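As numbered in our numbering, residues 48 to 596 make up the sequence shown, in order.
Reviewing the structure listed below.
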Amino acid sequence: MLKKLTSFSGAEGPVVTIVLDGFGYTPNHEGNAIYHAYTPTLDRLLAHYPHTLLKAHGKFVGMPSNEDMGNSEVGHNAIGSGQVYHQGAALVNDAIATGALYESQAWREVIENVSQHNSTLHFLGLFSDGNVHSHIDHLKAMIGRAKQEHVKRVRVHILLDGRDVPETSALDYVEPFEAFLSQLREPGFDVKIASGGGRMNITMDRYEADWGMVERGWKTHVLGEGPNFTSAAEAIRATRGESPNVIIDQDLPPFVIVEDGKPVGAIHDHDSVVFFNFRGDRGIEISRAFEEADFKPFDRVRFPQVTYAGMLQYDGDLKIPKRFLVEPPKIRDTMGEYLASAGIPQLAISETQKYGHVTYFWNGNRSGKFDDKLETYIEIPSDVIPFEQRPWMKSAEITDELIRQLQTGKHRALRVNYANGDMVGHTGNYQATITAVEAVDLALSRLLPVIDALNGVAIITADHGNADEMYEINAKTGHPKKKADGEFSAKTSHTLNPVPCIFYSKRLNDTYSLAELEQPGLSNLAATVVNLLGYEAPVMWDQGLLRFK
Numbered sequence: 048m049l050k051k052l053t054s055f056s057g058a059e060g061p062v063v064t065i066v067l068d069g070f071g072y073t074p075n076h077e078g079n080a081i082y083h084a085y086t087p088t089l090d091r092l093l094a095h096y097p098h099t100l101l102k103a104h105g106k107f108v109g110m111p112s113n114e115d116m117g118n119s120e121v122g123h124n125a126i127g128s129g130q131v132y133h134q135g136a137a138l139v140n141d142a143i144a145t146g147a148l149y150e151s152q153a154w155r156e157v158i159e160n161v162s163q164h165n166s167t168l169h170f171l172g173l174f175s176d177g178n179v180h181s182h183i184d185h186l187k188a189m190i191g192r193a194k195q196e197h198v199k200r201v202r203v204h205i206l207l208d209g210r211d212v213p214e215t216s217a218l219d220y221v222e223p224f225e226a227f228l229s230q231l232r233e234p235g236f237d238v239k240i241a242s243g244g245g246r247m248n249i250t251m252d253r254y255e256a257d258w259g260m261v262e263r264g265w266k267t268h269v270l271g272e273g274p275n276f277t278s279a280a281e282a283i284r285a286t287r288g289e290s291p292n293v294i295i296d297q298d299l300p301p302f303v304i305v306e307d308g309k310p311v312g313a314i315h316d317h318d319s320v321v322f323f324n325f326r327g328d329r330g331i332e333i334s335r336a337f338e339e340a341d342f343k344p345f346d347r348v349r350f351p352q353v354t355y356a357g358m359l360q361y362d363g364d365l366k367i368p369k370r371f372l373v374e375p376p377k378i379r380d381t382m383g384e385y386l387a388s389a390g391i392p393q394l395a396i397s398e399t400q401k402y403g404h405v406t407y408f409w410n411g412n413r414s415g416k417f418d419d420k421l422e423t424y425i426e427i428p429s430d431v432i433p434f435e436q437r438p439w440m441k442s443a444e445i446t447d448e449l450i451r452q453l454q455t456g457k458h459r460a461l462r463v464n465y466a467n468g469d470m471v472g473h474t475g476n477y478q479a480t481i482t483a484v485e486a487v488d489l490a491l492s493r494l495l496p497v498i499d500a501l502n503g504v505a506i507i508t509a510d511h512g513n514a515d516e517m518y519e520i521n522a523k524t525g526h527p528k529k530k531a532d533g534e535f536s537a538k539t540s541h542t543l544n545p546v547p548c549i550f551y552s553k554r555l556n557d558t559y560s561l562a563e564l565e566q567p568g569l570s571n572l573a574a575t576v577v578n579l580l581g582y583e584a585p586v587m588w589d590q591g592l593l594r595f596k
């Protein structure tokens with residue numbers, strides 16, 4: 048139960064946490080869409096209101112090392128839980144290193160099934176070392192282990208990245224991987240890439256924004272239907288296109304590898320399938336397609352009876368998938384739970400692309416509400432259109448509804464995610480990302496006066512960087528990389544940069560100052576929110592960012 052602060056009675060009005068997704072900070076200006084955008088509201092906030100920078104990557108959000116980018120999942124976990132938990136990549140690394148993964152019941156069932164039926168073991172997932180959704184080293188380790196356990200036939204279905212890694216780097220992963228498979232391949236162990244396609248084209252939809260992606264993936268991986276090629280490298284080269292119409296990895300069309308005119312790796316009854324992504328949001332829908340007998344979103348045509356496992360359980364409340372190789376982090380004592388127990392009405396709002404982040408991930412990977420009467424969740428449906436073609440996304444509609452909800456006076460703690468900087472930043476389109484940033488700044492210009500009129504306070508922050516670094520940076524020189532044609536090489540991944548955290552209130556500025564914390568991060572935000580509401584933070588949370596006078 049939350050206890051009242053003795054030093055501060057709390058803001059008179061609402062406390063609103065505004066997450067500008069993908070808004071990192073760097074002093075470098077080249078390729079910085081945030082710096083080059085017209086942002087009068089952010090400029091004014093930074094000039095006149097208390098602000099600091101928060102760590103949003105690496106070990107500060109539970110990733111294995113500080114060379115690992117943060118992401119929206121772990122970022123919202125950290126904000127909502129007030130603590131840093133070991134996240135997917137670190138958990139899987141440990142499970143492989145200790146052998147716990149191979150001792151799990153799920154792995155044993157996957158292996159025993161193919162051994163018993165002399166069938167095929169399939170691996171499906173994001174094919175890169177981006178370490179946001181997956182890591183290719185995890186895939187390699189499991190294939191090697193399958194060989195040790197006398198599995199006879201393995202097929203790999205690769206979802207090309209170009210989002211958490213350079214945008215046209217697919218061959219940099221495919222060609223060494225083919226060499227790796229060649230070293231493993233021998234009489235009695237048959238291993239091949241069977242199918243693939245871009246992650247934003249097939250399979251990896253989230254929040255039911257576009258079931259058509261999953262259907263295309265199902266036809267490709269399961270039914271073996273799609274454009275035929277003799278190798279993944281051939282497929283990538285053939286479908287890439289030429290400048291100025293190059294198709295980047297995440298958007299490449301599906302392909303099926305064939306021999307003698309037949310797919311080498313369609314999925315059949317009695318096969319085993321491992322979806323090797325550790326991050327949950329883009330693993331739920333394909334898992335449902337493999338597991339649900341009464342499945343409605345699309346016609347599967349053929350529903351093979353397989354032994355299916357996820358790397359982790361992607362939704363603990365809904366038990367998706369039922370079988371998983373590594374236990375997910377058990378996130379407890381979240382801000383949402385404590386606010387509900389204190390009787391504080393809450394609102395969470397975003398468009399579809401980030402709706403799960405202000406609900407499921409914010410609440411520690413929990414699908415349901417803590418208290419139906421006290422919590423309101425609002426999803427603004429995202430447009431199903433390439434983000435660079437409509438970079439303002441749903442920022443206006445989100446703001447319309449958030450203002451309406453604020454003016455009801457019903458909610459004391461509110462949270463909103465503006466997805467533009469991240470989703471448009473991932474396209475690599477620099478000019479579109481500038482427009483995306485400007486759309487969010489405009490939204491802030493409308494929202495903040497309403498919060499002010501209600502005597503409230505806003506915390507304007509981000510979950511990780513993206514739009515701040517739209518060009519690949521040369522590690523040695525610190526300057527943007529250029530392609531052979533002299534153009535800058537687009538960066539579509541998140542950054543390692545910190546994120547801003549601004550405190551907006553015209554009435555409370557004299558009541559607090561920034562606390563002197565050595566390396567503040569996203570996990571310090573939960574305590575800050577409850578402090579601004581007039582409560583002490585639970586002892587297990589990281590310290591708040593403000594000191595009250």
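Cβ coordinates follow ideal geometry from the N, Cα and C atoms, glycine included.
It should be emphasised that the depicted structure is a prediction, and the values quoted were computed from it without experimental measurement.
Local conformation of residue i per DSSP, three classes
{"i": "residue 575", "result": "helix"}
{"i": "residue 499", "result": "helix"}
{"i": "residue 82", "result": "helix"}
{"i": "residue 200", "result": "strand"}
{"i": "residue 319", "result": "strand"}
{"i": "residue 166", "result": "coil"}
{"i": "residue 550", "result": "strand"}
{"i": "residue 421", "result": "coil"}
{"i": "residue 264", "result": "helix"}
{"i": "residue 385", "result": "helix"}
{"i": "residue 464", "result": "strand"}
{"i": "residue 570", "result": "helix"}
{"i": "residue 178", "result": "coil"}
{"i": "residue 361", "result": "coil"}
{"i": "residue 582", "result": "strand"}
{"i": "residue 512", "result": "strand"}
{"i": "residue 161", "result": "helix"}
Whole-angstrom distance between residue j and residue i, CA atom to CA atom
{"i": "residue 351", "j": "residue 336", "result": "10 Å"}
{"i": "residue 115", "j": "residue 178", "result": "7 Å"}
{"i": "residue 210", "j": "residue 297", "result": "6 Å"}
{"i": "residue 392", "j": "residue 331", "result": "29 Å"}
{"i": "residue 354", "j": "residue 320", "result": "6 Å"}
{"i": "residue 333", "j": "residue 532", "result": "39 Å"}
{"i": "residue 253", "j": "residue 398", "result": "12 Å"}
{"i": "residue 67", "j": "residue 181", "result": "24 Å"}
{"i": "residue 466", "j": "residue 514", "result": "11 Å"}
{"i": "residue 372", "j": "residue 498", "result": "45 Å"}
{"i": "residue 536", "j": "residue 525", "result": "14 Å"}
{"i": "residue 453", "j": "residue 160", "result": "54 Å"}
{"i": "residue 534", "j": "residue 54", "result": "56 Å"}
{"i": "residue 503", "j": "residue 443", "result": "21 Å"}
{"i": "residue 225", "j": "residue 232", "result": "10 Å"}
{"i": "residue 30", "j": "residue 501", "result": "Lying before the first or after the last residue shown, residue 30 is absent from the chain, which here runs from 48 to 596."}
{"i": "residue 349", "j": "residue 265", "result": "10 Å"}
{"i": "residue 496", "j": "residue 96", "result": "14 Å"}
{"i": "residue 508", "j": "residue 547", "result": "5 Å"}
{"i": "residue 317", "j": "residue 164", "result": "6 Å"}
{"i": "residue 230", "j": "residue 345", "result": "39 Å"}
Burial state of residue i (16 or more Cβ within 10 Å)
{"i": "residue 326", "result": "buried"}
{"i": "residue 11", "result": "Only positions 48 to 596 of the chain appear in the structure, and residue 11 is not among them; the question remains open."}
{"i": "residue 462", "result": "buried"}
{"i": "residue 357", "result": "buried"}
{"i": "residue 470", "result": "buried"}
{"i": "residue 184", "result": "exposed"}
{"i": "residue 197", "result": "exposed"}
{"i": "residue 379", "result": "exposed"}
{"i": "residue 120", "result": "buried"}
CB-CB length for residue i against residue j, believed under 8 Å
{"i": "residue 171", "j": "residue 204", "result": "4 Å"}
{"i": "residue 562", "j": "residue 593", "result": "6 Å"}
{"i": "residue 505", "j": "residue 63", "result": "5 Å"}
{"i": "residue 468", "j": "residue 70", "result": "5 Å"}
{"i": "residue 528", "j": "residue 521", "result": "5 Å"}
{"i": "residue 242", "j": "residue 312", "result": "6 Å"}
{"i": "residue 173", "j": "residue 263", "result": "About 16 Å; that fails the 8 Å criterion."}
{"i": "residue 483", "j": "residue 446", "result": "14 Å between Cβ atoms; not a contact."}
Distance cut-off 7 Å: residue i Cβ against heavy atoms of the ligand PLP
{"i": "residue 397", "result": "In the structure shown, the ligand PLP is absent, as is every other ligand, since no ligand is present at all."}
With a cut-off of 8 Å, do at least 3 Cβ pairs link the segment 302-313 to the segment 97-110?
When Cβ pairs closer than 8 Å are counted between the two stretches, the segment 302-313 is seen not to touch the segment 97-110, the count staying below three.
Below 8 Å, how does it come out for the segment 428-435 and the segment 365-376: are there three or more Cβ pairs, yes or no?
Taking 8 Å as the limit for Cβ pairs, the verdict is that the segment 365-376 does not touch the segment 428-435.
Using 8 Å as the threshold, is the segment 456-475 in touch with the segment 411-419, meaning 3 or more CB pairs across them?
Output reads no: the segment 411-419 does not touch the segment 456-475.
Does the segment 576-583 touch the segment 130-141, meaning 3 or more C-beta pairs lie closer than 8 Å?
Cβ pair count under 8 Å is below three, so no.
For the segment 73-80 against the segment 406-413, are there 3 or more C-beta pairs whose distance is under 8 Å?
Flag = no, the segment 73-80 and the segment 406-413 do not touch.
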